[in-house]
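Trainee: This is the structure I have questions about; it appears just below.
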Amino acid sequence: MSETQQSIPIGKLLRAENGSFVAGCRVRELDTPALGSLVKVKLEDQSDIYGLITNILINDDSLVRQLVSGVSIPTEYTADNRYNRNLPVEIHVLTVGYAQNGQISHRLPPRPPLSLDELHLCDEKEVRCFTAHNDQAYLRHILRLLDQPVEELLAAHLRQAKKAHETQDNPSWYEQACQKLITLLRDDYQRLTTVLDVLTELEHE
Amino acid sequence: MPVNYASVEANASRYAQQAQDWLVESRKTANQLERLFCQACSDPQRLRQIIDLAQENLPKLYLAKPLQEDPLVGFPLPALPVSYTLLTADGSQIVPSRHRALQFGLINIGILTVRFGTGQPPVIKLISELIDHVDTFRDDGSLISDDDIALIRDLRERAFVRQEISPDLPRPVLTVTDGPLDIFYRSDIQGKKAQSAQKEVYQLDQQLEQDGILSAGYIDKPGSAMLHNMLDVFNQMQGDSPLQHTSRTIRVSDRLLLADRIAPGERSALFEIISKRREDTGRRLRVAFFYLNVSNTPSHPWLARVEIPYWIAQQPDLVALIHAALYHDAQVLDSHPYPYSLHRAHELALVQQAEYEEIENLLLSKFSKAGTITAYRSNKDFLKGLK
Numbered sequence: 024m025s026e027t028q029q030s031i032p033i034g035k036l037l038r039a040e041n042g043s044f045v046a047g048c049r050v051r052e053l054d055t056p057a058l059g060s061l062v063k064v065k066l067e068d069q070s071d072i073y074g075l076i077t078n079i080l081i082n083d084d085s086l087v088r089q090l091v092s093g094v095s096i097p098t099e100y101t102a103d104n105r106y107n108r109n110l111p112v113e114i115h116v117l118t119v120g121y122a123q124n125g126q127i128s129h130r131l132p133p134r135p136p137l138s139l140d141e142l143h144l145c146d147e148k149e150v151r152c153f154t155a156h157n158d159q160a161y162l163r164h165i166l167r168l169l170d171q172p173v174e175e176l177l178a179a180h181l182r183q184a185k186k187a188h189e190t191q192d193n194p195s196w197y198e199q200a201c202q203k204l205i206t207l208l209r210d211d212y213q214r215l216t217t218v219l220d221v222l223t224e225l226e227h228e
Numbered sequence: 010m011p012v013n014y015a016s017v018e019a020n021a022s023r024y025a026q027q028a029q030d031w032l033v034e035s036r037k038t039a040n041q042l043e044r045l046f047c048q049a050c051s052d053p054q055r056l057r058q059i060i061d062l063a064q065e066n067l068p069k070l071y072l073a074k075p076l077q078e079d080p081l082v083g084f085p086l087p088a089l090p091v092s093y094t095l096l097t098a099d100g101s102q103i104v105p106s107r108h109r110a111l112q113f114g115l116i117n118i119g120i121l122t123v124r125f126g127t128g129q130p131p132v133i134k135l136i137s138e139l140i141d142h143v144d145t146f147r148d149d150g151s152l153i154s155d156d157d158i159a160l161i162r163d164l165r166e167r168a169f170v171r172q173e174i175s176p177d178l179p180r181p182v183l184t185v186t187d188g189p190l191d192i193f194y195r196s197d198i199q200g201k202k203a204q205s206a207q208k209e210v211y212q213l214d215q216q217l218e219q220d221g222i223l224s225a226g227y228i229d230k231p232g233s234a235m236l237h238n239m240l241d242v243f244n245q246m247q248g249d250s251p252l253q254h255t256s257r258t259i260r261v262s263d264r265l266l267l268a269d270r271i272a273p274g275e276r277s278a279l280f281e282i283i284s285k286r287r288e289d290t291g292r293r294l295r296v297a298f299f300y301l302n303v304s305n306t307p308s309h310p311w312l313a314r315v316e317i318p319y320w321i322a323q324q325p326d327l328v329a330l331i332h333a334a335l336y337h338d339a340q341v342l343d344s345h346p347y348p349y350s351l352h353r354a355h356e357l358a359l360v361q362q363a364e365y366e367e368i369e370n371l372l373l374s375k376f377s378k379a380g381t382i383t384a385y386r387s388n389k390d391f392l393k394g395l396k
């Protein structure tokens, strides 16, 4: 059993389609998932569906709205709303590939995961394994996103993946990823400029 | 169409006019009472003597008796201790219905333990109690009613909240339930059942007093007219004519009478509830109360009644703690002031229709197929459920 399979789930699936899914988690579980993190859902047939966290949504309800307008809230009641009340944090995930019988694919999975399937964070080994596969073809899924801060998502994801590869003396992975993005965006100069701008910022960190 | 709005519209204007007339009459009565209130309270010692006399001579009473404080003034908001525990309980219930497949009753109690000063989230607890089948019927064989179930719920709230008190909770500990502290207000529960319940409440309070645990009942938008009743008795015992000068009986609520006397954050003077019925026997909880203006807007007073055991009313520092704790807790939801902890206990306890049906299905699954119970909903109930 791999390290990831033993990891604690960070959430459970609320709803899904082939191209994306949404998981719910409690605020207590929120310290691990981050924008751009590679996550996976293990299906009953032992295949894995991989995705990138594209958005983390904190829900409200009518009581929270009442509290927000209040003058002062005791610390204990802030904690009550965060940890006790049944308001799941929604983790939105973009599907970027799957693995079946140990074979990774950067295509969309044959079927989406099911509700209440567990969502796990991928460890560094899995990040390296998934992102190095097939000439980083999964990046096309990110560029397909509409009405979302794609550049920010790319920066967050590349930062995580770059670190994972650098720990194994593979600095060329990041250069290859940049080349891939340039190729994918060669017909969209305006977007390419924005992406390169974000990548430059990443390199100066 | 759920309602024939045309029919309602036809009567709406008449209704509005009647309501307005009632308000005018209420204010007129309130003005008379206001003068009498000042007169009666100018000599509180004499007022108390009059009430004592009435208590000896009248067979039935339900009124307020001022304690040692001046009933004509408001008492300012005291400081809140940094560390204390607030324990609240609220319940909801399923009342057995002959229209359902199974006649069952359930009590659901939500308990919230807030340890102020620790920064920790409150400890929440939910206790669900399925009423035994033998207890879903009254002695005469009829199904238990809403009031029977409510009585069990009220008793359980008090008992369960008591069980949550442990030595590690920050002191002082204040337990709060929604509604009156005693249960005498459930007028349709009579005889031995009522006496037994009152005895249980009395004994629970005795334990709390021994352990130095405070308790309070919070009544939002109270409608009682205990001050009006008090002034009636005052008038009557002085030999004056009855107060009623209007064409119909109007009871002026304590809220209306005190609203202009208590500023936001202030409380009224302490009163004792004098309740006497012909059938009253045995020991029961002695209850005092004050009104608390939980509003933060002088132009919009919002008075809640806070009931406390009489022994607490004798100790000003304990009254001050309850005053401050409930006001601040209500201010958390300051646009509609009501104690947050009580709201949360209610939110925890509330039984939804879907849960009702789940429990019914669970119970049905326990019957063997060869069993003799034929469990069907009434046709009326089935058709009501159609969408």
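Quick note, the sequences are listed as chains R and B, same order.
The numbering of the first sequence is the numbering used here, which starts it at 24 and goes up by one.
The numbering of the second sequence is the numbering used here, which starts it at 10 and goes up by one.
Even for Gly, the Cβ is constructed at its ideal location relative to N, Cα and C.
These figures come from a predicted structure and were not determined experimentally.
#1: Please name the residues in the stretch 108-141 of chain R whose beta-carbon is closer than 9 angstroms to at least one beta-carbon of chain B, in chain order.
#2: Could you say which of GLN340(B), ARG165(B) and TRP320(B) lies nearest to PRO97(R) if we only look at CA atoms?
#3: In angstroms, rounded to a whole number, what distance separates the CA positions of GLN247(B) and ILE59(B)?
#4: With distances taken between CB atoms, is the gap from ASP296(B) to ALA225(B) smaller than 8 angstroms?
#5: Which residues mark the beginning and the end of the alpha helix (DSSP H) in which LYS74(B) is found?
#6: By a C-beta neighbour count over all protein chains shown, 10 Å radius and 16 as the cutoff for buried, is ASP71(R) buried or exposed?
#7: Please decide whether SER85(R) counts as near chain B, where near means a Cβ-Cβ distance under 8 angstroms.
#8: Would you verify that the beta carbon of TYR71(B) is, or is not, closer than 8 angstroms to some beta carbon of chain R?
#9: From this set, ASP192(R), LEU204(R), LEU219(R) and LEU169(R), which residue's C-alpha is nearest SER43(R)'s C-alpha?
#10: Specify, as a first and last residue, the run of the alpha helix (DSSP H) that ARG57(B) falls within.
#11: Are ILE136(B) and PHE169(B) touching if we call contact CB-CB under 8 angstroms?
#12: Closer than 8 angstroms, CB to CB, is PRO87(B) near chain R or not?
#13: Just to check my reading of the structure: LEU56(B) and CYS50(B) have Cβ atoms closer than 8 angstroms, yes? What is that Cβ distance to the nearest angstrom?
#14: If distances are taken between C-alpha atoms only, which option among PHE391(B), GLU275(B) and SER284(B) comes closest to PRO85(B)?
#15: Buried or exposed: THR184(B), going by 16 or more other Cβ atoms within 10 Å of its Cβ?
#16: Is the beta carbon of LEU96(B) sitting closer than 8 angstroms to the one on GLU173(B)?
#17: Could you check whether the stretch 44-54 of chain R touches the stretch 167-182 of chain R, counting it as contact only if at least three pairs of C-beta atoms, one from each stretch, sit closer than 8 angstroms?
#18: Assign PRO80(B) to buried or exposed, taking buried as 16 or more other Cβ atoms, counted over all protein chains shown, within 10 Å of its Cβ.
#19: DSSP state of ASP146(R), grouped into three classes?
#20: Since ILE118(B) and ARG165(B) should fall inside the 8 angstroms C-beta cutoff, what is the C-beta to C-beta distance between them, to a whole number of angstroms?
#21: Give a yes or no on contact between the stretch 230-245 of chain B and the stretch 364-377 of chain B, applying the rule of three or more CB pairs nearer than 8 angstroms.
#22: For the beta strand (DSSP E) that VAL17(B) lies in, which residues bound it at each end?
#23: Contact between the stretch 200-209 of chain B and the stretch 318-329 of chain B is defined here as three or more beta-carbon pairs at a separation below 8 angstroms; is this criterion met?
#24: Are there three or more Cβ pairs, one per stretch, closer than 8 angstroms when the stretch 212-223 of chain R is compared with the stretch 99-112 of chain R?
#25: Is ILE228(B) helix, strand or coil when you go by DSSP?
#26: Would ILE331(B) be called buried (16 or more neighbouring beta carbons within 10 Å of its own) or exposed?
#27: Rounded C-beta distance between LEU312(B) and LEU301(B)? I'm assuming under 8 angstroms.
#28: Look at the Cβ atom of SER101(B), then the Cβ atom of VAL360(B), and state whether they are nearer than 8 angstroms.
#29: Do LEU139(B) and ARG167(B) have their C-beta atoms closer together than 8 angstroms?
#30: What does GLY93(R) reach in chain B if we use C-beta pairs closer than 8 angstroms?
#31: Can the beta-carbon of HIS188(R) be found less than 8 angstroms from the beta-carbon of TYR161(R)?
#32: Using 8 angstroms as the limit for Cβ to Cβ distance, is PRO130(B) near chain R?
#33: Under 8 angstroms between C-beta atoms, does ARG353(B) make it to chain R?
#34: Given a cut-off of 8 angstroms, decide if VAL62(R) and CYS145(R) are closer than it, judged by their beta-carbon atoms.
#35: Residues of chain B with CB under 9 angstroms from ASP146(R), in chain order?
#36: Between the Cα of ARG353(B) and those of PRO75(B), HIS337(B), ALA98(B) and TRP31(B), spot the shortest distance and give me the residue it belongs to.
Mentor: Taking the coordinates as given:
#1: Answer in chain order: ARG108.
#2: If you number the first sequence from 1, residue 97(R) lands on position 74. Answer by Cα proximity: GLN340(B).
#3: On the second sequence, residue 247(B) is found 238 positions in, with the first residue counted as 1. On the second sequence, residue 59(B) is found 50 positions in, with the first residue counted as 1. The straight-line gap from Cα to Cα measures roughly 8 angstroms.
#4: Taking the first residue of the second sequence as position 1, residue 296(B) is located at position 287. Taking the first residue of the second sequence as position 1, residue 225(B) is located at position 216. Residue identity check: residue 296(B) is Val in the sequence provided, not Asp. It is not a contact, given that the beta carbons lie outside the stated cut-off.
#5: Stepping through the second sequence from its first residue, residue 74(B) is reached at position 65. Taken as a continuous stretch (DSSP letters only), LYS74(B) belongs to no alpha helix (DSSP H), being part of the beta strand (DSSP E) at 70-75.
#6: Taking the first residue of the first sequence as 1, we reach residue 71(R) at position 48. By the neighbour-count definition (other C-beta atoms within 10 Å, threshold 16), ASP71(R) is a buried residue.
#7: What you label residue 85(R) is simply residue 62 of the first sequence in a count that begins at 1. Not an interface residue.
#8: As a first step, residue 71(B) must be located in the second sequence, where it is residue number 62. Output row for TYR71(B): interface = no.
#9: The sequence position of residue 43(R) within the first sequence is 20, counting from 1. For the residues ASP192(R), LEU204(R), LEU219(R) and LEU169(R), the minimum Cα distance to SER43(R) belongs to LEU169(R).
#10: Reading the second sequence from its first residue, position 48 is the one you call residue 57(B). Taken as a continuous stretch (DSSP letters only), the alpha helix (DSSP H) holding ARG57(B) covers 53-66.
#11: Locating residue 136(B) in the second sequence gives position 127, where the first residue counts as 1. Locating residue 169(B) in the second sequence gives position 160, where the first residue counts as 1. Contact: yes.
#12: The count along the second sequence starts at 1 and reaches residue 87(B) at position 78. Cβ-Cβ to chain R under 8 angstroms: no for PRO87(B).
#13: As a working note, residue 56(B) is residue 47 in the second sequence. As a working note, residue 50(B) is residue 41 in the second sequence. Right, the Cβ-Cβ distance comes to about 6 angstroms (below 8 angstroms), so this counts as a contact.
#14: Translated into positions along the second sequence, residue 85(B) becomes position 76. Ranked by Cα distance from PRO85(B), the first of PHE391(B), GLU275(B) and SER284(B) is GLU275(B).
#15: Against the second sequence, residue 184(B) aligns to sequence position 175. Buried, since its Cβ has 16 or more Cβ neighbours within 10 Å.
#16: In the second sequence, residue 96(B) corresponds to position 87, counting from 1. In the second sequence, residue 173(B) corresponds to position 164, counting from 1. For LEU96(B) and GLU173(B), yes; Cβs fall inside 8 angstroms.
#17: no
#18: Against the second sequence, residue 80(B) aligns to sequence position 71. By the neighbour-count criterion, in which 16 or more other beta carbons inside 10 Å mark a residue as buried, PRO80(B) falls on the buried side.
#19: Position 123 of the first sequence, counted from the first residue, corresponds to residue 146(R). DSSP places ASP146(R) in coil when its eight states are reduced to three.
#20: Position 109 of the second sequence, counted from the first residue, corresponds to residue 118(B). Position 156 of the second sequence, counted from the first residue, corresponds to residue 165(B). Confirmed, about 6 angstroms.
#21: no
#22: As a working note, residue 17(B) is residue 8 in the second sequence. Judged by DSSP secondary structure, VAL17(B) falls outside any beta strand (DSSP E) and instead within the alpha helix (DSSP H) spanning 14-50.
#23: no
#24: no
#25: Your numbering for residue 228(B) matches position 219 in the second sequence. ILE228(B) falls in the strand class under three-state DSSP.
#26: By one-based count along the second sequence, residue 331(B) stands at place 322. When all chains shown are included, ILE331(B) counts as buried.
#27: Here residue 312(B) corresponds to residue number 303 of the second sequence, with the count starting at 1. Here residue 301(B) corresponds to residue number 292 of the second sequence, with the count starting at 1. By a beta-carbon distance limit of 8 angstroms, LEU312(B) contacts LEU301(B). Their separation comes to about 7 angstroms.
#28: Reading the second sequence from its first residue, position 92 is the one you call residue 101(B). Reading the second sequence from its first residue, position 351 is the one you call residue 360(B). The answer is yes: Cβ separation under 8 angstroms.
#29: Residue 139(B) sits at position 130 when you count from the first residue of the second sequence. Residue 167(B) sits at position 158 when you count from the first residue of the second sequence. No, Cβ-Cβ distance for LEU139(B) and ARG167(B) is not below 8 angstroms.
#30: Within the first sequence, numbered from 1, the residue matching residue 93(R) stands at position 70. Residues of chain B passing the Cβ test: GLN340, VAL341, LEU342, ASP343 and SER344.
#31: Indexing the first sequence from 1 puts residue 188(R) at position 165. Indexing the first sequence from 1 puts residue 161(R) at position 138. No, the Cβ-Cβ distance between HIS188(R) and TYR161(R) is not below 8 angstroms.
#32: Reading the second sequence from its first residue, position 121 is the one you call residue 130(B). Yes - at least one Cβ of chain R is within 8 angstroms of the one on PRO130(B).
#33: Taking the second sequence and counting its residues from 1, the one referred to as residue 353(B) is at position 344. With 8 angstroms as the cut-off, ARG353(B) counts as an interface residue toward chain R.
#34: To locate residue 145(R), count along the first sequence from 1; it is residue 122. To locate residue 62(R), count along the first sequence from 1; it is residue 39. Yes.
#35: Counting from one through the first sequence, the residue named residue 146(R) turns up at place 123. Near ASP146(R) there are no residues of chain B at all, since even the closest Cβ is about 30 angstroms away, more than 9 angstroms.
#36: Numbered from 1 along the second sequence, position 344 holds the residue referred to as residue 353(B). Considering only alpha carbons, the answer is ALA98(B).
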